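In my numbering, the protein residues as written are 118 to 514. Glycine included, every Cβ here is placed at the ideal spot set by N, Cα and C. Keep in mind it's a predicted model, so treat the numbers as computed, not measured. Structure, as structure tokens:
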Amino acid sequence: MGPPLRLNQCRSRLGAPPSLPAVCGRVARNPGLQVGMAAFAATAGRLLGLRAAGTEGRLLRLRGAGLQRALLQPASATGDAAQRRQVAHFTFQPDPEPQEYGQTQKMNLFQAITSALDNSLAKDPTAVIFGEDVAFGGVFRCTVGLRDKYGKDRVFNTPLCEQGIVGFGIGIAVTGATAIAEIQFADYIFPAFDQIVNEAAKYRYRSGDLFNCGSLTIRAPWGCVGHGALYHSQSPEAFFAHCPGIKVVVPRSPFQAKGLLLSCIEDKNPCIFFEPKILYRAAVEQVPVEPYHIPLSQAEVIQEGSDVTLVAWGTQVHVMREVASMAQEKLGVSCEVIDLKTILPWDMDTVCKSVIKTGRLLISHEAPLTGGFASEISSTVQLYKRLLSFFLKSFWM
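This is the structure in structure tokens:
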């Protein structure tokens, strides 16, 4: 066997792009490529949730057609039982079909987003959608078909520059347009932080309400997805919860997503709309075809209980639903589950009233614990309970 082939040597010897049998034969004759393929197989095995033990040695022993079969066949065909991880950490629980908004259609979450954007463009001639790759449909297909339907002047791409995307949105919103900006991933919203916090949020205040950019909505895929690693898994809602002048919303389902997004687009304040990307295809339910609105800053008690209050938003709502079922089944604990929906400004009354009833509170979010929005909720509830106790003792006892 000769020395390991360099990439340019592989290209010169193989010429045209090789077929899989040719690649397998080349690997079988070259120990350097065998080691590389073994490392690749081990990594692929971990990503696919397959058992990693023995993968390297097994591939090193394969030759020619045997390697081709190993690459094409599932792991069980090689004699090793597959151990698959459950990528989703929850089971999506659809809400009952809505009856008050007319005809419904089965949609997943990204289709519900598309429907909301379609409704907005059809209703409002000043509405425009812009962001990275939105013209061809977006990386998650949320804007698919909209450019063909409404034209390149209303649905268009931008450079890869988040501060430019938001800055442009602020500018056209000030002139009276309905600006719907997309940040391709919530993880990449930080270059636009100054534009959002120091410009969009403060525009109304600094002009004494003479000017505002309240018709700006910023959409961004949000949260963990199981394979997003460092820059496609973050939940940055707490960064913006400290900033008066904007609204921050996270839906739990397709029905909620469409109604809340339409409310954000028509709200008189700049809004950040975080979309749980793990739900884009996993969440499917009946969604009204026509426009409808779900009020912002109104939490929803989606399951009543008496022993403990569970608060969450986005994907974690479904985790809390499962927790509530397990607690009832195994411990006989009755859980009240609340979907916060709007992070800023959040519905303190609904949460505090529930905790007064149950006496216990558990909050769950995907973001890091330190400085997470759960801290704000828990401290507010403690203050509420102390004030209530003080007034009860002072005036009614």
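Task: Whole-angstrom C-beta distance between V498 and C97, which should lie under 8 Å - done: Only positions 118 to 514 of the chain appear in the structure, and residue 97 is not among them; the question remains open.
Open item on the list: Buried or exposed for M443, going by 16 or more other Cβ atoms inside 10 Å?
Closed with: exposed
Open item on the list: Rounded to the nearest angstrom, what separates Y322 and Y501 at their Cα positions?
Closed with: 29 Å
Task: Through-space distance from I411 to Q312, alpha-carbon basis - done: 27 Å
Task: Contacts around C381, its chain only, beta-carbon distance under 8 Å, and the 5 residues preceding and following it disregarded - done: T334, K364, V366, C388, F390 and L413
Open item on the list: So within the region 411-499, which uninterrupted beta strand (DSSP E) runs reach at least 3 residues, ignoring any that extend past its ends?
Closed with: 417-420, 425-429, 452-456, 459-461 and 478-480
Task: Inter-residue Cα distance where the pair is F253 and P405 - done: 25 Å
- [ ] Please go through the same chain and pick out, in chain order, the residues whose beta-carbon is closer than 6 Å to the beta-carbon of T295, but skip the five residues on each side of it.
- [x] D241, T243, A244 and S332
Open item on the list: Let me check one thing: in DSSP terms, what residues is N225 bridge-paired to?
Closed with: V401
Task: Residues of its chain near Y305, where Cβ-Cβ distance is below 7 Å and the 5 sequence neighbours each way are ignored - done: E279
Task: Neighbour-count burial assignment, A368, 16 or more Cβ in a 10 Å radius - done: Note that residue 368 is Pro in the sequence shown, not Ala. By the 10 Å Cβ count, P368 comes out buried.
Open item on the list: If you reduce the DSSP assignment to three classes, tell me which class F257 lands in.
Closed with: coil
TODO: Name the residue from C360, Y397 and V251 whose alpha carbon lies nearest to the alpha carbon of I282.
DONE: V251
Task: Alpha-carbon spacing of F273 relative to Q403, whole angstroms - done: 29 Å
Open item on the list: I believe P338 touches F372 by the beta-carbon criterion, under 8 Å. Please report the beta-carbon distance rounded to the nearest angstrom.
Closed with: About 19 Å; that fails the 8 Å criterion.
Open item on the list: Relative to the C-alpha of K474, which candidate in D424, P408 and L457 has its C-alpha closest?
Closed with: D424
Task: Exposed unless 16 or more other CB atoms sit within 10 angstroms - verdict on A317 - done: buried
- [ ] Give me whichever residues DSSP pairs with C541 in a beta bridge.
- [x] With the chain running from 118 to 514 in the structure shown, residue 541 is simply not present.
Open item on the list: Closest to E483 by C-alpha separation, out of K458, E439 and Q433, would be which residue?
Closed with: Q433
- [ ] Using beta-carbon positions only, say whether P393 and G343 come within less than 8 Å of one another.
- [x] no
TODO: Along the beta strand (DSSP E) that carries A244, what are the first and last residues, could you check?
DONE: A244 to G248
Task: For L396 and T487, the rounded distance between their alpha carbons - done: 25 Å
- [ ] Could you tell me the distance, in whole angstroms, from the CA atom of R438 to the CA atom of G449?
- [x] 15 Å
TODO: Could you tell me the distance, in whole angstroms, from the CA atom of A399 to the CA atom of P213?
DONE: 17 Å
TODO: Indicate whether at least one CB of chain C lies closer than 8 Å to the CB of T292.
DONE: The structure shown contains no chain C, having only a single protein chain.
Open item on the list: How far does the beta strand (DSSP E) with I297 in it extend, from its first residue to its last?
Closed with: T295 to E299
Task: Neighbourhood of S495 by C-beta distance below 8 Å, restricted to the same chain and skipping five residues each side - done: L478 and I480
Open item on the list: According to DSSP, simplified to helix, strand and coil, what is P393?
Closed with: strand
Open item on the list: Is the beta carbon of A298 closer than 8 Å to that of F247?
Closed with: yes
Open item on the list: So, under 8 Å CB-CB, Y409 and G376 are touching, yes? Tell me the CB distance rounded to an integer number of Å.
Closed with: 5 Å
TODO: On a CA-only basis, which of I455, D456, L427 and E407 is nearest G219? Give me that one, please.
DONE: E407
Open item on the list: Do A233 and L379 have their beta-carbon atoms positioned less than 8 Å apart in this structure?
Closed with: yes
Open item on the list: Classify R336: buried if its beta carbon has 16 or more other beta carbons within 10 angstroms, exposed otherwise.
Closed with: buried
Task: Delimiting residues of the beta strand (DSSP E) encompassing V272 - done: V272 to N274
- [ ] Please name the residue in P462, L327, S350 and C259 whose C-alpha comes closest to that of F357.
- [x] P462
Open item on the list: Here's a check: name, in chain order, each residue in its chain whose Cβ is nearer than 7 Å to the Cβ of C360, leaving out the five neighbours to either side.
Closed with: V314 and A318
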